[in-house]
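Colleague: Quick one: structure below, then a few questions.
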Amino acid sequence: MSEQQGDGRSLATEQRRGFLTKALAVCCGGLATLPPLAAAFWAVLDPLRRTAGAATFLPVTDLNSLPADGQPRQFPVIADRVDAWTGFAAEPIGAVYLKRDEGSDTVEVLSATCPHAGCFIEMDTESKCFRCPCHNSAFTLDGGIVAPSPSPRPMDSLECKVDKTGGVSVKWQNFYTGIEEKVARP
Amino acid sequence: MSTTAPQPVPPSRPATGMLGQLADWFDDRTGYRAFVHEALYERVPGGARWRYVWGSTLVFAFMTQVITGLVLWASYSASAQTAWESVYYIQHEMAGGWLLRGIHHVMAQAMVVLLALHLMQVVIDGAYRAPREVNFWLGLILMKLVLGMALTGYLLPWDQKGYWATRVATNLAGLVPMVGPALQQLVVGGPDYGHHTLTRFFALHAGFLPATLVLFLVVHLTLFRKHGLHAKEPITKPDSLFWPDQVLKDAVAMLAVMAVVLGVILLPALRAMLAGEPVVTGHLGAELGAPADPSQPYAAARPEWYFLFLFQFLKVFEGWGATGEFLGAIVVPGLTLGVMFLMPILGRWNLGHRFNVVFTFAIVAGAGLLTAMALHEDYYALWADRSAYADVEKLLQETGGDDQKLAAALGNDAGKRAAFEKRRHEFEAIRKSEAFLIAVKQAKADAERAIELAGRPEKIPPAGALSLIRNDPLSQGPRLFAQHCASCHAHIDPAAPDATAVLAEASAANLFEFGGVLWAQGLLDPKQVAGPAYFGNTAHKEGDMVSFVTDDLTDTDTWKPGDVKAVIAALAAEADLPTGGVSAAVVKRGQRMIADTDRCGSCHPYGDNETELGYAPDLNGWGSREWLVGIITDPTHQRFYPETNDRMPSFGVSQDGGVPTLSATQIGLITDWLRGTWYRPERHAAADHAAASHAAGDAVAGTP
Numbered sequence: 508m509s510e511q512q513g514d515g516r517s518l519a520t521e522q523r524r525g526f527l528t529k530a531l532a533v534c535c536g537g538l539a540t541l542p543p544l545a546a547a548f549w550a551v552l553d554p555l556r557r558t559a560g561a562a563t564f565l566p567v568t569d570l571n572s573l574p575a576d577g578q579p580r581q582f583p584v585i586a587d588r589v590d591a592w593t594g595f596a597a598e599p600i601g602a603v604y605l606k607r608d609e610g611s612d613t614v615e616v617l618s619a620t621c622p623h624a625g626c627f628i629e630m631d632t633e634s635k636c637f638r639c640p641c642h643n644s645a646f647t648l649d650g651g652i653v654a655p656s657p658s659p660r661p662m663d664s665l666e667c668k669v670d671k672t673g674g675v676s677v678k679w680q681n682f683y684t685g686i687e688e689k690v691a692r693p
Numbered sequence: 011m012s013t014t015a016p017q018p019v020p021p022s023r024p025a026t027g028m029l030g031q032l033a034d035w036f037d038d039r040t041g042y043r044a045f046v047h048e049a050l051y052e053r054v055p056g057g058a059r060w061r062y063v064w065g066s067t068l069v070f071a072f073m074t075q076v077i078t079g080l081v082l083w084a085s086y087s088a089s090a091q092t093a094w095e096s097v098y099y100i101q102h103e104m105a106g107g108w109l110l111r112g113i114h115h116v117m118a119q120a121m122v123v124l125l126a127l128h129l130m131q132v133v134i135d136g137a138y139r140a141p142r143e144v145n146f147w148l149g150l151i152l153m154k155l156v157l158g159m160a161l162t163g164y165l166l167p168w169d170q171k172g173y174w175a176t177r178v179a180t181n182l183a184g185l186v187p188m189v190g191p192a193l194q195q196l197v198v199g200g201p202d203y204g205h206h207t208l209t210r211f212f213a214l215h216a217g218f219l220p221a222t223l224v225l226f227l228v229v230h231l232t233l234f235r236k237h238g239l240h241a242k243e244p245i246t247k248p249d250s251l252f253w254p255d256q257v258l259k260d261a262v263a264m265l266a267v268m269a270v271v272l273g274v275i276l277l278p279a280l281r282a283m284l285a286g287e288p289v290v291t292g293h294l295g296a297e298l299g300a301p302a303d304p305s306q307p308y309a310a311a312r313p314e315w316y317f318l319f320l321f322q323f324l325k326v327f328e329g330w331g332a333t334g335e336f337l338g339a340i341v342v343p344g345l346t347l348g349v350m351f352l353m354p355i356l357g358r359w360n361l362g363h364r365f366n367v368v369f370t371f372a373i374v375a376g377a378g379l380l381t382a383m384a385l386h387e388d389y390y391a392l393w394a395d396r397s398a399y400a401d402v403e404k405l406l407q408e409t410g411g412d413d414q415k416l417a418a419a420l421g422n423d424a425g426k427r428a429a430f431e432k433r434r435h436e437f438e439a440i441r442k443s444e445a446f447l448i449a450v451k452q453a454k455a456d457a458e459r460a461i462e463l464a465g466r467p468e469k470i471p472p473a474g475a476l477s478l479i480r481n482d483p484l485s486q487g488p489r490l491f492a493q494h495c496a497s498c499h500a501h502i503d504p505a506a507p508d509a510t511a512v513l514a515e516a517s518a519a520n521l522f523e524f525g526g527v528l529w530a531q532g533l534l535d536p537k538q539v540a541g542p543a544y545f546g547n548t549a550h551k552e553g554d555m556v557s558f559v560t561d562d563l564t565d566t567d568t569w570k571p572g573d574v575k576a577v578i579a580a581l582a583a584e585a586d587l588p589t590g591g592v593s594a595a596v597v598k599r600g601q602r603m604i605a606d607t608d609r610c611g612s613c614h615p616y617g618d619n620e621t622e623l624g625y626a627p628d629l630n631g632w633g634s635r636e637w638l639v640g641i642i643t644d645p646t647h648q649r650f651y652p653e654t655n656d657r658m659p660s661f662g663v664s665q666d667g668g669v670p671t672l673s674a675t676q677i678g679l680i681t682d683w684l685r686g687t688w689y690r691p692e693r694h695a696a697a698d699h700a701a702a703s704h705a706a707g708d709a710v711a712g713t714p
């Protein structure tokens, strides 16, 4: 019976005419596959809906713990943190360098995150400068670039408030790395 | 480069345009046209038919599982502290997570159904006969792999349901002779269930099993193509090609499968919309039970519906011990599968083929029957009339089920006894089903509560969601109360329909809303104070408090209108509960009366009244958290009933240097539950607060 139809190729030629059949087959198949693909895309894009929340002032230390000697000191930034489903209470979420010049109550704050690629900047006490261990960006104690440096901009300064009792709060923010402008992450 | 590259040779027609040239070049390098041709222009003897769609729908279902599974994988975290939590996040917080998980979950079930249909079609059509024997065996292996994926996937959310079902499944694996215990330990990933059970099951579910499945599927499809489609005889129509005739039928079938899957997911949403209720997407698709808790019994444990027949089948061997379980769980299913493997050989003879068909139908019908039996047993109480067995229940209560007493009660008549036993059996079935239904309801409530707690603004603590449940007064309070307090105390809304019966059974006060306005109002009500909700069933029935309320409090010379109301409000204020909307001045007046040594203060220490501790309970902070914790810890303490304590154990005091009956945390949980202090989402909390204030206000308004 099948031999009467000729070989597969002639059969194929005949079947190619069934445009409607083909179009329907493609439509039905496409429609059937659409829901899982759509759900997958929808879920994959979920992280784009998430933001870190507005930057807030977080208490870091008090003036008593920060001698006015022009020497930067590292302090952890402690805050409640939400990581997807887990809520962490009062956890270190980053670090800052605080510096108070002699006879001054003004506190300068530098983020410990390298503006080049986001590594953790360390204090080089011997050379009296900041140094990033990843790509050797070096910064002065005021956060300025020491050329030549892979970092496109100086260390990121952060806003700071000192209250009446001497409590030091820092406006904790992350910035995009690798660009010349200091742009806060949402 | 382009000048040195060899020109592609168009296979049939010259290439037109750049796209055509590119296609030609690509075909020259890969030979894709021949491959596509081979794939699409397969001859279908006798034309496309609906009965051939099952294999394709299975491949489609598997591809759906791969797509959804990979994305689920991207958000899933396999550990005892994060599995439930990450699934919660997928289901309730991630955009589209409910749909993704819903499709994965429902499609897994659809796959089992499609497998059964595919197998039946192959057996009925005799498609396993030479030269397709090996392909049939491959199909059986593929079936085992799919079932293995279903089994391993069930555990991954690490909820009560999956956890207990997997415990059973892995314990059954331990019954295999010789290697059983070692096998079980290997699967579980150690001596106990935990992180490594999840990592192993996840590796099996998302790695080993699907990779093996793909391998076998490729061989299965290659062999299918090699031997061609097995046409159902007799062939009456002309041959056609796979593309587009059979593809259209396959695509329509796939669409139908997807429509059913989406229907199952979205039907509850439609129902809610028609009922005018809000649609909560997190409740659609796959269910998520309460987090796995090895310390919490789970009477609602059942395998997924497609394994229910095996669960029911095991009951056939009840009473045979481990041997029975070994027979039911391993030997019989193993033999059944063995017969299925022999089908291609048996099918060489006509009679053998008939046997195969009958055998397959028998298995499907048997599984269907067992599934129906399992469901019937579980849900029997929904349609059975328990009241028709009131006599059986009564007789069992009277005799305590004692054999001799029963025989005597039935007049030692063997016929009557046999009839009674039959009805007793039916009654037990109702009771078992009732217990199951209660467990299901409890499981649902636990799951809802866990999800409610996980959604707090503080999110889930690093210790995991189970710690939330274990420290939740609403989840633990009723359980602890039932275990330690309910043998004497009732906890029932006096307005509930069965309150009278419950209170009659209780031998101590009803603690429903203890410390609140309603409770205090009943305490100071001459009609209620000696009733079963207060001191009626206790040693204090004829005590000073009862006579004070019935005699002194009714003396209108001393107690002017509004005085009792003020005392009630002041008591509720001590308990730090709503005072029914009365003014601070009224509360103050009530406090003065409580302190007054001619009134409450004659027995009760309060404020600065200098009444000594020990005769009657201290009313400073009466009903407050601290006060309740104190009395539960040690009712014989000077502040409470040092001399007149009526049977209440000192739950928080160690006896003879041992461990106290209840830990401080547990006492705190009971206390917070009694006081109604637990987390509620904002939308519920507002309603609760309004209801509580309203009830308290009504109560105070009704008091003289």
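In the order they appear, the protein sequences are chains A and B.
Under the numbering used here, the first residue of the first sequence is numbered 508, with each subsequent residue one higher.
Under the numbering used here, the first residue of the second sequence is numbered 11, with each subsequent residue one higher.
In this text, a Cβ means the ideal position worked out from N, Cα and C, and glycines have one as well.
Based on Cα-Cα distance, which residue from Arg692(A), Ile686(A), Glu688(A), Val677(A) lies nearest to Pro583(A)?
Modeller: Start at 1 with the first residue of the first sequence, and residue 583(A) comes out as number 76. Measuring from the Cα of Pro583(A), the nearest candidate turns out to be Val677(A).
Colleague: Assuming Ile4(B) contacts Pro542(A) (C-beta within less than 8 Å), just tell me the rounded distance between them.
Modeller: In this structure chain B extends from 11 to 714, so residue 4(B) is not present and cannot be described.
Colleague: Please identify, using Cβ separations under 7 Å, the residues of the segment 591-602 of chain A that lie next to chain B, in order along the chain.
Modeller: Listed in sequence order: Ala591, Trp592, Thr593, Gly594, Phe595.
Colleague: Quick one: is Gln486(B) buried, meaning 16 or more other Cβ sit within 10 Å of its Cβ, or exposed?
Modeller: Counted from its first residue, the second sequence places residue 486(B) at position 476. Buried is the call here.
Colleague: Give the straight-line distance between the Cα atoms of Glu687(A) and Pro693(A), rounded to the nearest whole angstrom.
Modeller: What you label residue 687(A) is simply residue 180 of the first sequence in a count that begins at 1. What you label residue 693(A) is simply residue 186 of the first sequence in a count that begins at 1. Their Cα atoms are separated by approximately 18 Å.
Colleague: Relative to the C-alpha of Leu531(A), which residue among Arg657(B), Asp255(B), Val326(B) is closest?
Modeller: Taking the first sequence and counting its residues from 1, the one referred to as residue 531(A) is at position 24. Among Arg657(B), Asp255(B), Val326(B), the Cα nearest to that of Leu531(A) belongs to Asp255(B).
Colleague: Got a sec? Which residues, its chain only, sit under 8 Å from Lys689(A) by beta carbon, not counting five neighbours each side?
Modeller: Here residue 689(A) refers to the residue found at position 182 when the first sequence is read from its first residue. Excluding positions up to five away in sequence, the list reads Pro622, Arg660, Asp663, Phe682.
Colleague: Identify the continuous beta strand (DSSP E) that holds Ala419(B) and give its terminal residues.
Modeller: If you number the second sequence from 1, residue 419(B) lands on position 409. Segment 413-419 is the alpha helix (DSSP H) holding Ala419(B); no beta strand (DSSP E) there.
Colleague: With hydrogens ignored, establish whether the beta-carbon of Ala559(A) is closer than 7 Å to any heavy atom of the ligand PLP.
Modeller: For the structure depicted, the ligand PLP is absent and the ligand set is empty, with no information on it obtainable.
Colleague: Going by DSSP, what residue range makes up the alpha helix (DSSP H) through Thr593(A)?
Modeller: Working through the first sequence from its first residue, we reach residue 593(A) at position 86. First-last for Thr593(A): 593-607, but that is the beta strand (DSSP E), not the alpha helix (DSSP H).
Colleague: Mind listing the chain A neighbours of Ile642(B)? Cutoff is C-beta to C-beta under 8 Å, in chain order.
Modeller: Here the question's residue 642(B) lines up with position 632 in the second sequence. Going along chain A, no residue has its Cβ under 8 Å from Ile642(B), so there is no contact; the nearest lies around 29 Å.
Colleague: Output the residue ranges of the alpha helix (DSSP H) runs that lie fully inside the segment 590-653 of chain B and measure 4 residues or longer, sorted by chain position.
Modeller: Those alpha helix (DSSP H) runs which fall completely within the segment 590-653 of chain B and span 4+ residues are 594-605, 635-643.
Colleague: Give the residues of chain B in contact with Gly525(A), contact being defined as C-beta atoms less than 8 Å apart.
Modeller: For the purposes of this step, residue 525(A) is taken as the residue at position 18 of the first sequence. Chain B residues near Gly525(A): Pro254, Asp255.
Colleague: Which residues in chain B sit within 7 Å of Gly536(A), going by Cβ to Cβ distance?
Modeller: Locating residue 536(A) in the first sequence gives position 29, counting from the first residue. What Gly536(A) touches in chain B: Ala261, Met264.
Colleague: So, is Gln784(B) buried or exposed, given that buried needs 16 or more other C-beta atoms within 10 angstroms?
Modeller: No answer is possible for residue 784(B): the residues shown for chain B start at 11 and end at 714.
Colleague: In terms of residue numbering, what span does the beta strand (DSSP E) encompassing Lys426(B) cover?
Modeller: The count along the second sequence starts at 1 and reaches residue 426(B) at position 416. Here Lys426(B) belongs to no beta strand (DSSP E); instead the alpha helix (DSSP H) covers 424-464.
Colleague: Determine whether the Cβ of Thr528(A) lies closer than 8 Å to any Cβ atom of chain B.
Modeller: On the first sequence, position 21 is the one that residue 528(A) refers to. Yes - at least one Cβ of chain B is within 8 Å of the one on Thr528(A).
Colleague: State the Cα-Cα distance for the pair Ala626(B) and Trp168(B), rounded to the nearest angstrom.
Modeller: Sequence index remark: in the second sequence, residue 626(B) carries index 616 (1-based). Sequence index remark: in the second sequence, residue 168(B) carries index 158 (1-based). Whole-angstrom Cα-Cα distance: 51 Å.
Colleague: As a quick exercise: from Leu665(A), Asp590(A), Ile600(A), pick the residue whose alpha carbon is nearest that of Ser618(A).
Modeller: The residue given as residue 618(A) occupies position 111 in the first sequence. The option with the nearest alpha carbon to Ser618(A) is Leu665(A).
Colleague: Go ahead and pull the three-state DSSP assignment for Ile275(B).
Modeller: The residue labelled residue 275(B) in the question sits at position 265 within the second sequence. Helix, per DSSP.
Colleague: Relative to the alpha-carbon of Gly106(B), which residue among Ala550(A), Gly685(A), Gly525(A) has its alpha-carbon at the smallest distance?
Modeller: Here residue 106(B) refers to the residue found at position 96 when the second sequence is read from its first residue. The residue with the shortest Cα to Cα distance from Gly106(B) is Ala550(A).
Colleague: In or out: Leu555(A) buried (at least 16 other Cβ within 10 Å) or exposed?
Modeller: Residue mapping note: residue 555(A) aligns to position 48 of the first sequence, counting from 1. It is exposed - the Cβ of Leu555(A) has fewer than 16 other Cβ atoms within 10 Å.
Colleague: Is Asp701(A) helix, strand or coil when you go by DSSP?
Modeller: The structure shown does not extend to residue 701(A), since chain A is modelled only from 508 through 693, so no value can be given for it.
Colleague: From what residue to what residue does the alpha helix (DSSP H) around Arg489(B) run?
Modeller: If you number the second sequence from 1, residue 489(B) lands on position 479. Per DSSP, Arg489(B) belongs to the alpha helix (DSSP H) from 483-494.
Colleague: Could you check whether the Cβ of Leu565(A) sits closer than 8 Å to any Cβ belonging to chain B?
Modeller: The sequence position of residue 565(A) within the first sequence is 58, counting from 1. Taking Cβ atoms only, chain B never reaches closer than 8 Å to Leu565(A), which makes this a no.
Colleague: Would DSSP call Val462(A) helix, strand or coil?
Modeller: Nothing in the structure corresponds to residue 462(A), since chain A is present only between 508 and 693.
Colleague: Between Gly200(B) and the rest of its own chain, which residues show a CB-CB distance below 7 Å, the 5 nearest in sequence each way excluded?
Modeller: Walking along the second sequence from the start, residue 200(B) turns up at place 190. Closer than 7 Å at Cβ, skipping near neighbours: His206.
Colleague: Quick one, which of Gly650(A), Leu605(A), Glu615(A) has its alpha-carbon nearest Arg580(A)'s?
Modeller: The residue given as residue 580(A) occupies position 73 in the first sequence. For Arg580(A), the nearest C-alpha among the options comes from Leu605(A).
Colleague: Could you name each continuous alpha helix (DSSP H) segment of 4 residues or more that falls completely within the segment 158-201 of chain B, going from the start of the chain to the end?
Modeller: If we require 4 residues or more, the alpha helix (DSSP H) runs fully inside the segment 158-201 of chain B come out as 170-183, 190-198.
Colleague: Rounded to whole angstroms, what is the Cα-Cα separation between Ala377(B) and Pro304(B)?
Modeller: On the second sequence, position 367 is the one that residue 377(B) refers to. On the second sequence, position 294 is the one that residue 304(B) refers to. Distance between the alpha carbons of Ala377(B) and Pro304(B): 31 Å.
Colleague: Could you name the residues of chain A that Pro472(B) contacts, counting a contact when the two beta carbons are closer than 7 Å?
Modeller: Here residue 472(B) corresponds to residue number 462 of the second sequence, with the count starting at 1. The contacting residues are Thr593, Phe595.
Colleague: Quick one: Cα of Asp723(B) to Cα of Met153(B), how far?
Modeller: Because chain B is modelled from 11 through 714, residue 723(B) falls outside the range shown and cannot be assessed.
Colleague: Look at Phe323(B) and Leu380(B) and say whether their C-beta atoms are less than 8 Å apart.
Modeller: As a position in the second sequence, residue 323(B) is number 313, starting the count at 1. As a position in the second sequence, residue 380(B) is number 370, starting the count at 1. For Phe323(B) and Leu380(B), yes; Cβs fall inside 8 Å.
Colleague: Going straight from the alpha carbon of Lys570(B) to that of Tyr616(B), what length do you get?
Modeller: As a position in the second sequence, residue 570(B) is number 560, starting the count at 1. As a position in the second sequence, residue 616(B) is number 606, starting the count at 1. Roughly 21 Å between the two C-alpha positions.
Colleague: Would you tell me roughly how many angstroms separate the C-alpha atoms of Ala192(B) and Gly184(B), rounded to the nearest one?
Modeller: Taking the second sequence and counting its residues from 1, one reaches residue 192(B) at position 182. Taking the second sequence and counting its residues from 1, one reaches residue 184(B) at position 174. Each residue's Cα considered, the two are about 8 Å apart.
Colleague: What does DSSP give as the partner residues of Leu684(B) in its beta bridges?
Modeller: On the second sequence, position 674 is the one that residue 684(B) refers to. Paired residues: none, contrary to the question.
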